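Taking it in order: structure first as C-alpha cells, then the write-up.
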Amino acid sequence: MAAQQQYPEQKLHYEKLLSSYLGLNFTIFLGLLPKNSISILSTLHNNNKALSFKLMQAEEQLKHMHSRRKEDSKANARVVEIFASHRHAWQQEEKRLFQQIDQSNEEIAYLKRRIEDFERVEAEMKASIEDLKRDVSLRDEMLNFMSRSSCEVESGNGECFVGGGYGESYDNGFGSDLLNSGASKFWCEKGGDCKDMHYESLEPVYHLKHFVARRESPWKIDGDSTGVSSKLKVLEQELVNLERVVKPDLSKVPSAMRKQAKRYQALTGKIDDLCARMQASDPSESNLSSEFRTQRQSEFLLEAFRLQQRASETSQKLMALQTEAGKHYQGDELEGQAKLATKRSLDSIRNNFKEIQRNLEIWLARIIGDLEGVLARDGSARVREYYDSRYPYVQ
Numbered sequence: 001m002a003a004q005q006q007y008p009e010q011k012l013h014y015e016k017l018l019s020s021y022l023g024l025n026f027t028i029f030l031g032l033l034p035k036n037s038i039s040i041l042s043t044l045h046n047n048n049k050a051l052s053f054k055l056m057q058a059e060e061q062l063k064h065m066h067s068r069r070k071e072d073s074k075a076n077a078r079v080v081e082i083f084a085s086h087r088h089a090w091q092q093e094e095k096r097l098f099q100q101i102d103q104s105n106e107e108i109a110y111l112k113r114r115i116e117d118f119e120r121v122e123a124e125m126k127a128s129i130e131d132l133k134r135d136v137s138l139r140d141e142m143l144n145f146m147s148r149s150s151c152e153v154e155s156g157n158g159e160c161f162v163g164g165g166y167g168e169s170y171d172n173g174f175g176s177d178l179l180n181s182g183a184s185k186f187w188c189e190k191g192g193d194c195k196d197m198h199y200e201s202l203e204p205v206y207h208l209k210h211f212v213a214r215r216e217s218p219w220k221i222d223g224d225s226t227g228v229s230s231k232l233k234v235l236e237q238e239l240v241n242l243e244r245v246v247k248p249d250l251s252k253v254p255s256a257m258r259k260q261a262k263r264y265q266a267l268t269g270k271i272d273d274l275c276a277r278m279q280a281s282d283p284s285e286s287n288l289s290s291e292f293r294t295q296r297q298s299e300f301l302l303e304a305f306r307l308q309q310r311a312s313e314t315s316q317k318l319m320a321l322q323t324e325a326g327k328h329y330q331g332d333e334l335e336g337q338a339k340l341a342t343k344r345s346l347d348s349i350r351n352n353f354k355e356i357q358r359n360l361e362i363w364l365a366r367i368i369g370d371l372e373g374v375l376a377r378d379g380s381a382r383v384r385e386y387y388d389s390r391y392p393y394v395q
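Under full-length UniProt numbering, the first residue of the sequence shown is numbered 1, with each subsequent residue one higher.
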C-alpha cells in the first residue's frame, strides 16, 4: 500500500523535472537564435504557403488528367464496340464481293468458251462454203465437158464443129466462155429437125420466188393468227370468274395464274416483235450482200433460240403453278356449287394454258426451222438444186 502511494509521487516528480528541462532547453534555444530569425521564419512561412498552393494545383491537374483518361477509355471502348458491330457486316460484304468476283470469272470463262465455239462454227461454215464452191466448179466443168462431147458426137452431120480448146469459137455462133461461165443458152444443134434447147442461168436466184406451193412463213403471222391473243383474252375472263367464286383466303392461286398469263403476254409480244423485224428484213432481198444477210438471219436465229428457252422456263413455271393449284383446291374449303364451279373454271384455265404453251412452242419451232432453212439456202445450195432438177444424170 505504501509502494502504491510512493509511485505517483515519483511520477509527479519526474514530470516536473522534464518540464523544467524542456523549458530550460527552449530558453537556451531562444537565446542562441540570431537576430534575423524572425524574418527567416516569415520567409519560410511564405515559402510553405507557395509550396502548398503548388501542391494543390498539382493535385487539381492530376485529378483532371485522371478524369480525361477515364473519358478517353470510355471513348476507346465505344470505338471498339462500333468496330465490333460493323465487323460482321464488313465480313459479309467482303464475302459477297468475293462471290461476285467468282461469278464474274465464271461468266468470263463461259463467254470465252462461247466465243471459241462460235469461232469453231464459223471455221466449219467457211470450210463448208469452200467445199460447196469446189463442188459447183466441178459440176460446171462436168457440164462443159459433156456439152463439148455431145457437140463432137453430132459433128458428123455437118451441123456443129467444136474445137478442142476452151477459148475457140463454135460454128453455131456461141463461144466457149458462155459454157465456162455456166450460163449457156444453147447446146449444139442436131440435124435439121432438132429443136434448140434453152436453159436458165445458174447464177444465185435469191431475188426469184419459189414456184413450189408452200405455207406462209411463220414470221409473217402474228399472235392473233396463231390464236394466242384470243386465248389470252378468254383466259383473262376466266381468271376474273375464278376470283369471284373463290374465298379471299384462297386468292393466292388466281394471282399466281394472272402472273403466268402476263408472262405469256410478254413472251407473245417479244415473238411478235421478232416477226415484225424479220418481216421488215426479207431474206429474199437481192440488194443485200450474202454476208450481211447471213449475219442478220443468224442474229434472228439466236434470238429465236433465246425465246424458245424462255418458253421452256415458262412451261416449267406453269407445271409448278398447276401443282400448287391442285394442293390448294383439293381440300374441303369449298363445298357444293362453289366447288363444282371452281373445278370447271380451273379445268378450263388449265386447258387454255396448255393450248397457249403449245401454240407458242409450235410458232417458235416453225420460226427456227425457217431461219435454219434460210441460212442453209445459200447460193451454192441453189445451184445444186438447179443441177439436180435439170440434169439428174450428173451425180
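Built from N, CA and C at the ideal position, the CB exists for glycine as well.
Since we're looking at a predicted model, the values are computed, not measured.
- Ranked by Cα distance from Leu346, the first of Arg296, Arg358, Lys327, Ala89 is Lys327.
- The alpha-carbon separation between Glu372 and Gln308 amounts to approximately 14 Å.
- Cβ-Cβ distances below 8 Å link Gly227 to Glu355, Asn359 in the same chain, with the five nearest sequence neighbours on each side left out; the list follows chain order.
- According to the DSSP assignment, Ser255 belongs to the alpha helix (DSSP H) that extends over 252 to 280.
- A contact between stretches requires three or more CB pairs, one per stretch, nearer than 8 Å, and the region 256 to 273 meets this requirement with the region 312 to 320.
- Going by C-alpha positions, Ala376 is about 28 Å away from Gln357.
- Assignment of Gly326 by DSSP, reduced to helix, strand and coil, places it in the helix class.
- Here Ala341 has Val245 as same chain residues with Cβ atoms under 6 Å from its own Cβ, once five neighbours each way along the sequence are excluded.
- For Gly31 and Leu22, the gap between their C-alpha atoms comes out near 14 Å.
- DSSP places Gly227 in the coil class of the three-state scheme, outside both helix and strand.
- With respect to the 8 Å criterion, Ile368 and Leu302 are not classified as neighbours on the basis of their beta carbons.
- The closest CA to that of Leu318, considering only Ala256, Met125, Gln297, is found on Ala256.
- The DSSP-derived three-state label of Arg114 is helix.
- Of all alpha-carbon atoms in Ala304, Ala325, Thr323, the one lying nearest the alpha-carbon of Glu361 is that of Ala304.
- Taking all protein chains in view, the Cβ of Ile115 is surrounded by fewer than 16 other Cβ atoms within 10 Å, so the residue is classified as exposed.
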